[in-house]
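Protein chains in written order, with this note's numbering: chain A, 1 to 211; chain B, 1001 to 1222; chain C, 2001 to 2245. Glycine included, every Cβ here is placed at the ideal spot set by N, Cα and C. Predicted model, so just to flag it, every value in this text is computed and none were measured.
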Amino acid sequence: MRTKEVSVLKAHDLKCVKGSTELFSNVHFEVQSGEALVVEGSNGSGKTSLLRILCGFNYPAEGEISWNGTSIDGHESYQQQISFIGHASGVKLDLTVLENLIFAQRLVGSDRKEEEIKEIIRKVGLFKQRNILTRKLSAGQKRRVALARLQLEERQLWILDEPLTALDRDFVTEFEIVLKKHLEQKGMLIVTTHRELVLPAAQMKRINLSN
Amino acid sequence: MLSALLTIIRRDLLVAFRRRAELMNPILFYVIVVTLFPLGVSPDQEFLSQLAPGVVWVTALLAALISMESIFRQDFDDGSVEQLFLSQHPPTILILGKVIAHWLITGLPMLVIVPLMALLLYIPQQAIPTLFITVLIGTPILSLIGAIGVALTAGLRGGGVLLGLLVLPLYIPVLIFASGAVSAAIEGLPYSGHVAMLGAGLILALILSPLAISASLKISMS
Amino acid sequence: MWAWFHKLSSPKYYYEWSGKWLPWLGGLTILLSAIGLYWGLVVAPTDYQQGESYRIIFIHVPAAWMSMFVYMVMASAGFVALVWKTKISEIVVSECAVIGAVFTAIALVTGMLWGKPTWGTYWTWDARLTSELILLFLYFGVIAIYSSIEDKRVAAKAASMLSIVGVINIPIIHYSVTWWNSLHQPNMEIISDKPSMDPSMLYPLLIMAMAFKVYFVWVLFMRIRNEIISRERATKWVKELVTAS
């Protein structure tokens, strides 16, 4: 569940190397509860790599990342504060929307009633499709299942890699409302996106990896 | 923790049942390969029953290899591997759950066709219980070790053959002790030593494999 | 001591340090091999049972010992690579895989050449040869996984993982093969490297074993240096090195 305290994610002097290519170096930032960090950069500049490093799936070639003062390296409870959506949506194609969400929220330790889950499904506009296999949904609909998962997991730090791809315009607005609410509730957001995200300017920070 | 284990097992079983048609494939493969031996070598009863333990187990290794692919491939594609490491529960427990689910789908059905194998290969009745026991203890070991190989090679080209190259040498002790047990039983000799070795192997695999699989998945994710 | 190890994990420092050792290693290899081979092939007496053909053990046995030893080195380096993530340990893993496979192949071939005059057949499924063969497969597995991953740092980690899993399995495989062999061929315990050997044969054997060890270190250093130059080619110190020569 959400903590009432303020959390801080700090990155210092990050360098990422893939094979023999240096993707980015000298990256610094600090994000606090209630703030969003928008990661920009051209294709191949390492946006996805940075996000994956922040999730703890990979190590930077150089630099440190700390969560509330402790390094995230080996910090198991850090990973349990994260909700992540990568290029793949993190949902099982052979399960229905409802089944996916029931299992997903059990894996984060909650045990909500089916009614609550159906309510979230309704909010992302998939109520009619709740018993349809995720495989049969469109790309945009699959994304929405992932976004429903986000809201069910109720974690502090949202790390989203191009979450808006394939979403139709009206749903983008819906989603921006969800993001805003997350920030208002002292959540943190790190996101890469090709589209312009409408978020309160006071809470938005940007970094560009192409420098 | 137990509930997390059960959740993961239920989820993976549900996913597998949605693809019911594919569930039978490893079993069918197994039966077909076993029939190749009398066809290719000799249908002579005495010969076959001597060859039987080896045939049963070599084929089991190959069938295990083929069915191993399914354990992590989908998870890498749909992003579930990442979610595994972000979950509230220790990844090793979830991984163990996945392997258990996989074994329930691929290893356990082998028990059902043991009587058929005994028939086709002229395995004498007194050896059939031993055959059951070795399949029951041996196939989970194959799943546990094979999963390490899949975790390292998922997403790489050269898929199945590369997996075989990595994993088959590691399967050799299981082959030796399992087929040795059945051979001994056929000849009326004691086989408890072999079974004990298999049991020890299973315990060792249960303790060490989830850690190895977890580390391998992390390597493949980077 | 730890500080020195830490320094050694930097490719540049390692390159300079290992360069100083190379001529000594090479010289020692040649010296030991010359002594060992002369002693073993010329001076040592003819074997009572096997005549002259036994002399191949002066190559075969050290090669077999090295095949196991190199795997241990590879697995240890693999452990270091996974825990401390140093570049040098990663290179050691991939180089040891190749060198170890070569030693294993030499052990197998010399074992087969010994087999022909001794038992009349090139191949026999005795415990030793079979274990060596399986060891060769384990090496092939490590080499295969290393070459199938493009990013060489990730490839080294995967290879490290596999070699650690392998090293745990090796005693199990060895035990099971020995047991299997004793069932089927109760009388064939052929390759005995236990020193129930006459000293006149034992000493050259031990010298050859030393020679093989030094040779291993020599070749390993050379291969590591090559790999360092290749990987670090974009850095300043490598560019200066190349233009200076």
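Cutoff 8 angstroms: residue i Cβ touching any chain A Cβ
| i | result |
| --- | --- |
| Phe1072/B | no |
| Glu2132/C | no |
| Ala2244/C | no |
| Ile2191/C | At Ile2191/C the pLDDT is 48, less than 50, meaning the model places this residue with poor confidence; the figure from the coordinates comes in the next sentence. Not an interface residue. |
| Ala2234/C | yes |
| Pro2195/C | Summary for Pro2195/C: the model assigns pLDDT 42, below 50, so the residue's position carries little reliability, and this model does not support an answer. |
| Phe1085/B | yes |
| Arg1020/B | no |
| Gly1193/B | no |
| Glu1082/B | yes |
Beta bridge counterpart(s) of residue i as assigned by DSSP
| i | result |
| --- | --- |
| Arg206/A | Val38/A |
| Ile82/A | Leu157/A |
| Asp2047/C | Gly2051/C |
| Val17/A | Glu22/A |
| Val8/A | Gln32/A |
| Thr70/A | Trp67/A |
| Glu62/A | Lys15/A |
| Val191/A | Val38/A and Leu160/A |
| Val27/A | Leu14/A |
Minimum Cβ-Cβ distance from residue i to chain B less than 8 angstroms
| i | result |
| --- | --- |
| Leu150/A | no |
| Ala2158/C | yes |
| Met2188/C | Reliability fails at Met2188/C, whose pLDDT of 45 lies under 50, so the model's placement of it is uncertain and no value is given. |
| Ser210/A | no |
| Leu9/A | no |
| Ile82/A | yes |
| Ser89/A | yes |
| Ala2169/C | Sequence check: residue 2169/C is Asn here, not Ala. Yes, Asn2169/C lies at the interface with chain B (some Cβ there is under 8 angstroms from its Cβ). |
| Met2208/C | no |
| Val2083/C | no |
| Met204/A | no |
| Gly2141/C | yes |
| Ala2075/C | no |
| Val2165/C | yes |
| Arg2231/C | no |
Chain C within 8 angstroms of residue i, Cβ atoms only
| i | result |
| --- | --- |
| Pro1043/B | no |
| Gly34/A | no |
| Gly1158/B | yes |
| Leu1206/B | no |
| Leu1121/B | no |
| Met1/A | Bear in mind that the predicted position of Met1/A carries a pLDDT of just 46, short of 50, making it too unreliable to give a figure here. |
| Ala1212/B | yes |
| Ser1049/B | no |
| Ile207/A | no |
| Leu1131/B | no |
| Thr1092/B | no |
Neighbouring residues, chain A, relative to residue i (Cβ below 8 angstroms)
| i | result |
| --- | --- |
| Glu2150/C | Gly19 |
Interface partners of residue i on chain B, CB under 8 angstroms
| i | result |
| --- | --- |
| Ser2176/C | Ile1172, Pro1173, Ile1176, Phe1177 and Met1197 |
| Arg2180/C | The question names Arg, yet the displayed sequence has Trp at residue 2180/C. Chain B residues near Trp2180/C: Ile1176 and Gly1180. |
| Phe2137/C | Leu1165, Leu1168 and Pro1169 |
Contacts that residue i makes with chain A (C-beta to C-beta distance below 9 angstroms)
| i | result |
| --- | --- |
| Leu1014/B | Lys92, Asp94, Leu95, Glu99 and Phe103 |
| Leu1222/B | Reading off the sequence, residue 1222/B comes out as Ser, not Leu. Residues of chain A passing the Cβ test: Arg52, Phe57, Asn58 and Tyr59. |
| Gly1079/B | Phe84, Ile85, Gly86, His87, Ala88, Ser89, Gly90, Val91 and Ala146 |
Partners in chain C for residue i, counting only beta-carbon separations shorter than 8 angstroms
| i | result |
| --- | --- |
| Ser968/B | This structure cannot speak to residue 968/B, because chain B is shown only from 1001 to 1222. |
| Leu1152/B | Ile2145, Ala2158, Met2161 and Leu2162 |
Spatially closest choice to residue i from the options, by CA coordinates
| i | options | result |
| --- | --- | --- |
| Phe2216/C | Phe2069/C, Ala2156/C, Phe2005/C and Ile2035/C | Phe2069/C |
| Ser2163/C | Val2142/C, Tyr2054/C, Ile2030/C and Ile2172/C | Val2142/C |
| Gly19/A | Asp2198/C, His2174/C, Ser2160/C and Lys2152/C | Lys2152/C |
| Leu1051/B | Gly1193/B, Ser1216/B and Gly1180/B | Gly1180/B |
| Gly2019/C | Glu2240/C, Ser2160/C, Tyr2038/C and Arg2225/C | Arg2225/C |
| Asn68/A | Val8/A, Lys123/A, Ala61/A and Cys16/A | Val8/A |
| Met2222/C | Ala2003/C, Met2201/C and Ile2091/C | Ile2091/C |
Residue i Cβ short of 7 angstroms to the ligand SAH heavy atom set
| i | result |
| --- | --- |
| Leu95/A | What this structure holds is no ligand at all, so the ligand SAH is not there to describe. |
Under 7 angstroms by beta carbon: chain B residues contacting residue i
| i | result |
| --- | --- |
| Arg106/A | Thr1007 |
Proximal residues of chain C, C-beta to C-beta of residue i below 7 angstroms
| i | result |
| --- | --- |
| Ile1219/B | Val2154, Lys2157, Ala2158 and Met2161 |
Amino acids of chain B, ordered along the chain, whose beta-carbon sits closer than 9 angstroms to that of residue i
| i | result |
| --- | --- |
| Gly109/A | Ala1004, Ser1087, Gln1088 and His1089 |
| Ile2091/C | Those within 9 angstroms of Ile2091/C in chain B number zero; the least Cβ separation is about 17 angstroms. |
| Leu79/A | The residue you asked about is not Leu; residue 79/A is Gln in the sequence shown. Within 9 angstroms Cβ-Cβ: Phe1085, Leu1086 and Ser1087. |
Proximal chain C residues relative to residue i, where beta-carbon distance stays under 9 angstroms
| i | result |
| --- | --- |
| Thr1134/B | Within 9 angstroms Cβ-Cβ: nothing; Thr1134/B doesn't reach chain C, min ~14 angstroms. |
Worksheet item: Enumerated in chain order, which unbroken segments of the alpha helix (DSSP H) with a length of 4 residues or greater are wholly contained in the segment 2155-2182 of chain C?
Response: Within the segment 2155-2182 of chain C, no complete alpha helix (DSSP H) segment of 4 residues or longer occurs.
Item to complete: Please go through the segment 2025-2105 of chain C and give each complete alpha helix (DSSP H) segment of 4 or more residues, from N-terminal end onward.
Response: You should have 2057-2084.
Worksheet item: Taking the runs of the alpha helix (DSSP H) that are 4 residues or longer, which of them lie wholly in the segment 106-176 of chain A?
Response: Fully contained in the segment 106-176 of chain A are the following alpha helix (DSSP H) runs of length 4 or more, in chain order: 114-123 and 139-153.
Practice prompt. May I have a chain-ordered list of the alpha helix (DSSP H) segments no shorter than 4 residues that lie completely inside the segment 1108-1152 of chain B?
Written response: The qualifying runs are 1108-1120.
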